[in-house]
């Protein structure tokens, strides 16, 4: 295996680099990063010991896995500059929301392998959630390698249909923002009831973290876990009744659906 190159050096690229190195999937010197901001790439080089590439052609030539870690709107420009004659047999991974694999396949030509992914921001703390879709032609060993990369910083779910990545975007891609809003609201409720804000945010965030872990590890349906906390005529029952009066459940469902619709509108 040659190197693994990142086109773009944003927060998600950094999260991936951190995960790959923590899992010892590849030595730092074989990770390459290219970005229009030389200060940013130099910062990553100093902190992680990775290599900096100064030209797109050189990065593609020296790597057999290339990650598109740039904004969706810049993908067409990057593809126009990319040397298609170097693409054959290589694995191209996109983390750009809404950009379909056909965009890459048409530009890269026959013999290239494309993976579309949708990670989320908790990848920055090693707790990401990523949806993967493998375009036709991706070899089994390339699939296994892609799984390892994304599993190095969180949970991975694979989908047989590419349009499911739009749902992933609405759920886990946008989901952290919904959860942050919920944490803020929990804390605001505690402040309203007389608690200091610092303590309220600490307890709200840790409550959500602990509840999420229970949902993952208990094997129980979330509704069952909710019922275990809810005593007849108790405080939790009163709080849940208030949430239901405010259409909490339906509002969250509407939020995911609205985000999904917007993702479909923006897809290219």
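Residue numbers (the working numbering): 17 to 284.
Where a beta carbon is used, it is the ideal one built from N, C-alpha and C, also for glycine.
Asked: Among 236, 189, 80 and 173, nearest to residue 113 - alpha-carbon criterion; Found: 189
Asked: Alpha-carbon spacing of residue 117 relative to residue 279, whole angstroms; Found: 15 Å
Asked: Coarse secondary structure for residue 179, derived from DSSP in three states; Found: coil
Asked: Residue 196 classed as buried or exposed, judged by whether at least 16 other C-beta atoms fall within 10 angstroms; Found: exposed
Asked: contact_flag[the region 23-34, the region 165-178] where n(CB pairs < 8 Å) is 3 or more; Found: yes
Asked: Burial state of residue 199 (16 or more Cβ within 10 Å); Found: buried
Asked: Buried versus exposed, by CB contacts within 10 Å (16 or more), residue 248; Found: exposed
Asked: The beta strand (DSSP E) enclosing residue 170, as first and last residue numbers; Found: 170-174
Asked: Alpha-carbon spacing of residue 162 relative to residue 172, whole angstroms; Found: 10 Å
Asked: Supposed close pair residue 18, residue 79 - CB separation, criterion 8 Å; Found: 6 Å
Asked: CA nearest to the CA of residue 232, picked from 268, 245, 145 and 272; Found: 145
Asked: Environment of residue 70 [buried if 16+ CB atoms lie within 10 Å]; Found: exposed
Asked: Residue 66 - containing beta strand (DSSP E), residue span; Found: Careful: residue 66 lies outside any beta strand (DSSP E) and carries neither H nor E.
Asked: Whole-number beta carbon distance between residue 111 and residue 141, since they are thought to touch under 8 Å; Found: Rounded, the Cβ-Cβ distance is 17 Å, inconsistent with contact.
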